[in-house]
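Structure first, commentary second.
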Amino acid sequence: MARVCVVGAGVVGLSTAINIQKLIPDVIVQIIADKFEVNTTSIGAGGLFRPNASHTKGVPEDVARRWARDSWKFYSEMATSDMACETGHSVSSGYIFSKEKIVNPIYESIVFNCREMSQCELTSLGITQYQYGYHITTVLTEMRRYMPWLMNKFKANGGKVEKRKIENLSELYGQFDVVVNCTGLGSRDLLDDQEIYPVRGHIIRFGFSEQRIQCLGQSPLDKAMGIHRGRYILHTKWRVCTSRRV
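The sequence shown begins at 1 in the UniProt record's numbering and counts up by one.
Here you go:
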């Protein structure tokens, strides 16, 4: 029986491993990583479904749009299913503020709702530093629930897990028929891939009683700020900091 190794246990690694199990059920899939769940970069992700074509360099826009539609089908079904609480998916409405007009974004025709706000609406919200605003209803994924759910699903499918730091992919030679690299930012060290870099700045989470609202502000200098219920996380360029105080 063929053996497949997925290196990395972030959301991409777990999702990749599960999809391999689904598409090629007759193979043994093993995840090898030195960090899991709360110690991964994925755990600090805002989890807001708002794909951006500029983050998939080298991929034709029509392909990126197809990927986005396929992903939306999965996440929107999860968010509106009886499993939503367990998987950490929810329907979330909020605002995107920008100093530049957002033209034909990938998500515009995919998410539940996306429309440009009027100047009267911006003024009523006290928004003065941004010239453009958009109201969006999309899916929010709480990674602290989704990551454990993915891992449990992978193991239930017969997947194997090993905690080990891979210094060089040659270490796996002869042990597996296929090795899939899902180390993300770790590829800078593992494969000397100097073109990979973080694509977001600060993500801040505040506690809002029973409200669930997300608010994004973006400009060339002010990349993104997501606000919704729960603990906040500051995710800087190359370091993830977690704190309960602003």
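Every residue, glycine too, gets a C-beta built ideally from N, C-alpha and C.
Could you give the C-beta distance for Pro-51 and Tyr-134, rounded to a whole number, given that I count them as a contact under 8 angstroms? Not really, about 15 angstroms apart at Cβ, beyond 8 angstroms.
Judging by CA-CA distance, which residue of Ser-71, Arg-145, Thr-80, Leu-169 is the nearest neighbour of Leu-190? Leu-169
Consult DSSP for Ala-33 and reduce its assignment to one of helix, strand or coil. strand
Three-state class that DSSP yields for Cys-182 in the structure shown: coil
CA nearest to the CA of Pro-25, picked from Lys-165, Arg-188, Asn-157: Asn-157
Note down, in chain order, each residue of its chain lying with its Cβ closer than 7 angstroms to the Cβ of Ser-76, except the 5 sequence neighbours on either side. Val-139
Who are the Cβ neighbours of Val-91 in its own chain at under 6 angstroms, not counting the five residues just before and after it? Ala-79
I need the DSSP call for Asn-168, collapsed to helix, strand or coil. coil
Residues of its chain near residue 299, where Cβ-Cβ distance is below 6 angstroms and the 5 sequence neighbours each way are ignored: Outside the displayed range of the chain (1 to 246) lies residue 299, so it cannot be described from this structure.
Looking at the structure shown, is Leu-191 part of a helix, part of a strand, or coil, going by DSSP? Three-state DSSP puts Leu-191 in coil, outside helix and strand.
Rounded to whole angstroms, what is the Cα-Cα separation between Gly-174 and Met-147? One alpha carbon belongs to Gly-174, the other to Met-147, and they sit about 30 angstroms apart.
When DSSP builds the beta bridges, which residues end up paired with Leu-48? Leu-140
If we call anything under 8 angstroms between Cβ atoms a contact, is Ile-20 one with Val-29? Contact: yes.
For Ala-68 and Glu-167, the rounded distance between their alpha carbons: 33 angstroms
C-alpha gap between Ala-17 and Val-6, whole angstroms: 6 angstroms
List the whole-angstrom C-beta distance separating Leu-14 from Leu-172, where the pair is believed to meet the contact cut-off of C-beta under 8 angstroms. Contact doesn't hold; Cβ gap of about 18 angstroms is too wide.
DSSP on Gly-100, reduced to helix/strand/coil? Checking the sequence shown, residue 100 turns out to be Glu, not Gly. It is coil, neither helix nor strand.
Could you check if Val-4 is buried or exposed, using at least 16 other CB atoms within 10 Å of its CB as the buried criterion? buried
Limits of the beta strand (DSSP E) - the one that Lys-163 falls within: 160–163
What distance in whole Å lies between the Cβ atoms of Thr-56 and Gly-10, which are believed to be in contact at a cut-off of 8 angstroms? With 8 angstroms as the limit, Gly-10 and Thr-56 do not qualify as a contact, their Cβ atoms being about 17 angstroms apart.
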